[in-house]
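S.K.:
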Amino acid sequence: MHNTRKISRDYYWVGASDRRLELFENVMPITKGVSYNSYLLMDEKTVLLDTADSSVSRQFLENVQYVLNGRALDYLIVNHMEPDHCSIIEDIVLRHPNLKIIGNAKTLQMINQFFDFDVDSRFVAIKEGDTFSTGTHTLQFVMAPMVHWPEAMFTYDIEEKILFSADAFGTFGALNGNIFNDEINFEKDWLDEARRYYTNIVGKYGNPVQAALKKAGTIDIQMICPLHGPIWRNNLGYILDKYVKWSTYEPEDKAVMLVYGSMYGNTEAAVNVLATKLAEAGVKNIVTYSVSNTHVSHLIAEAFRCSHIVLAAPTYNSGLFTPMENFLMDLKAHGLQKRTFAFIENGTWAPTAACQMMSIVGEMKDSRIIDETLTLRSSMKESQIEQLELLANDLAVELNASNPR
Ligand code: FEO
Numbered sequence: 003m004h005n006t007r008k009i010s011r012d013y014y015w016v017g018a019s020d021r022r023l024e025l026f027e028n029v030m031p032i033t034k035g036v037s038y039n040s041y042l043l044m045d046e047k048t049v050l051l052d053t054a055d056s057s058v059s060r061q062f063l064e065n066v067q068y069v070l071n072g073r074a075l076d077y078l079i080v081n082h083m084e085p086d087h088c089s090i091i092e093d094i095v096l097r098h099p100n101l102k103i104i105g106n107a108k109t110l111q112m113i114n115q116f117f118d119f120d121v122d123s124r125f126v127a128i129k130e131g132d133t134f135s136t137g138t139h140t141l142q143f144v145m146a147p148m149v150h151w152p153e154a155m156f157t158y159d160i161e162e163k164i165l166f167s168a169d170a171f172g173t174f175g176a177l178n179g180n181i182f183n184d185e186i187n188f189e190k191d192w193l194d195e196a197r198r199y200y201t202n203i204v205g206k207y208g209n210p211v212q213a214a215l216k217k218a219g220t221i222d223i224q225m226i227c228p229l230h231g232p233i234w235r236n237n238l239g240y241i242l243d244k245y246v247k248w249s250t251y252e253p254e255d256k257a258v259m260l261v262y263g264s265m266y267g268n269t270e271a272a273v274n275v276l277a278t279k280l281a282e283a284g285v286k287n288i289v290t291y292s293v294s295n296t297h298v299s300h301l302i303a304e305a306f307r308c309s310h311i312v313l314a315a316p317t318y319n320s321g322l323f324t325p326m327e328n329f330l331m332d333l334k335a336h337g338l339q340k341r342t343f344a345f346i347e348n349g350t351w352a353p354t355a356a357c358q359m360m361s362i363v364g365e366m367k368d369s370r371i372i373d374e375t376l377t378l379r380s381s382m383k384e385s386q387i388e389q390l391e392l393l394a395n396d397l398a399v400e401l402n403a404s405n406p407r
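Just add 2 to wherever you are in the sequence shown, counting from 1, and you've got this note's numbering.
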């Protein structure tokens, strides 16, 4: 059954949501599902902006057919060639043999890499700033390389002032009928997943995102239509501000995140004491995660949110507890910068974990280390409480807590 929504004078949302997929990109859990947005312009020419993932192909094809209402599809604009948006291109071509495909030079190369049908004879190559008339609408193309792949681009409708922003401004989460940001409580119900989406998918590409934001800043935008999650049609400054913060790696909150690995609970016990001492020093909104049972995508998102990160881990095979090492290597790969770290290490006979953790975070740009590393020898002792209090106090001062000693 078709399921579409008219989103403006001439545009329709023809996407679909998937609540079955467990892991996005076969990596990130998506307990709230995900939407694959696609938009159809019904002008003198009919134009589809991106397709969808093959998992929702039936729904998507029904939606397109319903809105076309017997008309042929004239053009497909490919803003992004990742398969979650392009895997249905060939099905669309089979249904609309005269279809022309619009994209840039890199798009063409990627379509030919992914598919075997004749692309070249139907391809319309565009470049930065080119415009394309569909009748009463003029579309302009804005290159957005590395947001999130090299061929990524935005399409801007000059008449309706709509920016089709590819992966930018997307979030995890299936849509629930309410497809506009003003129909939902974004901050309460969507922000965490938007942050997890951004940081894990695009987080590494802060500079390209800033370049794209700079270009977008020169355009009068009334509506942002991303490829995942809700459409923005008011309060655009809210999500733009988030993107500025995330892409410049500025902490979103002045807050502390405690992340621990603990084999038998002894390292965890020290972290719990630190959390209490922090609270007594007036630090609010402390978050604590076990690195062993929290998916790394959540840890990365929280690390982008928080200004201060305490890492606690045992020594393992003369190195670092593997789940902590995996997390930190992933965090480094996502380009996190500008964070302050503190450390708790454990080692029954030769503790080296703090040194290993410092070495990894030391490679993150503008990272800073608080010089209060606590070394546990198997378990925390009464005599070490004072050292944890000192660490808690240092953190409290930096976080402007209400009650540092
Ligand atoms: Fe939603 Fe980079 O694909």
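Quick reminder that beta carbons are idealized off the backbone N, C-alpha and C, glycines included.
Per DSSP, what kind of secondary structure is F188 in: helix, strand or coil?
M.R.: Note: F188 maps to helix in three-state DSSP.
S.K.: Going by DSSP, name the residue or residues bridged to H310.
M.R.: Beta-bridge pairing links H310 to V258 and T342.
S.K.: Could you check the C-alpha separation between F345 and V399 for me, to the nearest Å?
M.R.: So the two alpha carbons sit approximately 17 Å from each other.
S.K.: For E388 versus Q358, is the C-beta distance shorter than 9 Å?
M.R.: Contact: no.
S.K.: Give a yes or no on contact between the segment 63 to 72 and the segment 102 to 122, applying the rule of three or more CB pairs nearer than 8 Å.
M.R.: The segment 63 to 72 is not in contact with the segment 102 to 122.
S.K.: If you reduce the DSSP assignment to three classes, tell me which class I91 lands in.
M.R.: Looking at I91 - three-state DSSP - the assignment turns out to be helix.
S.K.: According to the neighbour-count rule (16 or more other Cβ atoms, all chains shown, within 10 Å of its Cβ), is Y207 buried or exposed?
M.R.: Classification of Y207: buried, given that the 10 Å Cβ count is 16 or more.
S.K.: Pull up the DSSP beta-bridge partners for Y41, would you.
M.R.: DSSP output for Y41 lists W15 and L51 as bridge partner(s).
S.K.: Got a sec, what are the start and stop residues for the beta strand (DSSP E) D159 sits in?
M.R.: Unbroken beta strand (DSSP E) run through D159: M155 to D159.
S.K.: For P353, which beta-bridge partners are listed by DSSP?
M.R.: BP columns for P353 are empty, so no partner.
S.K.: Can you tell me the Cα-Cα spacing of I32 and S385, whole angstroms?
M.R.: Straight-line Cα distance between these residues: approximately 44 Å.
S.K.: Return the Cβ separation of K367 and P253 in integer angstroms, given the expectation that the two are a contact with Cβ distance under 8 Å.
M.R.: So it is not a contact: roughly 14 Å between Cβ atoms.
S.K.: Based on the DSSP secondary-structure assignment, which residues constitute the bridge partners of A315?
M.R.: For A315, which the question treats as bridged, DSSP gives the partners E347.
S.K.: Would you say L276 and A403 are within 9 Å of each other, going by their C-beta atoms?
M.R.: Result no, Cβ atoms of L276 and A403 do not sit closer than 9 Å.
S.K.: Kindly indicate which residue of S89, W248 and L378 has the alpha-carbon position closest to the one of R197.
M.R.: The candidate whose alpha carbon is nearest that of R197 is W248.
S.K.: Would you call the CB atoms of S381 and A314 closer than 9 Å?
M.R.: It is not a contact, given that the beta carbons lie outside the stated cut-off.
S.K.: If you draw a straight line from the C-alpha of R60 to the C-alpha of K334, how long is it?
M.R.: Those two C-alpha atoms are separated by around 39 Å.
S.K.: Kindly identify the DSSP beta-bridge partner or partners of A127.
M.R.: Bridge partners of A127: G105.
S.K.: Just tell me which of P353, E195 and L165 has its CA closest to the CA of F26.
M.R.: The shortest C-alpha separation from F26 is found at E195.
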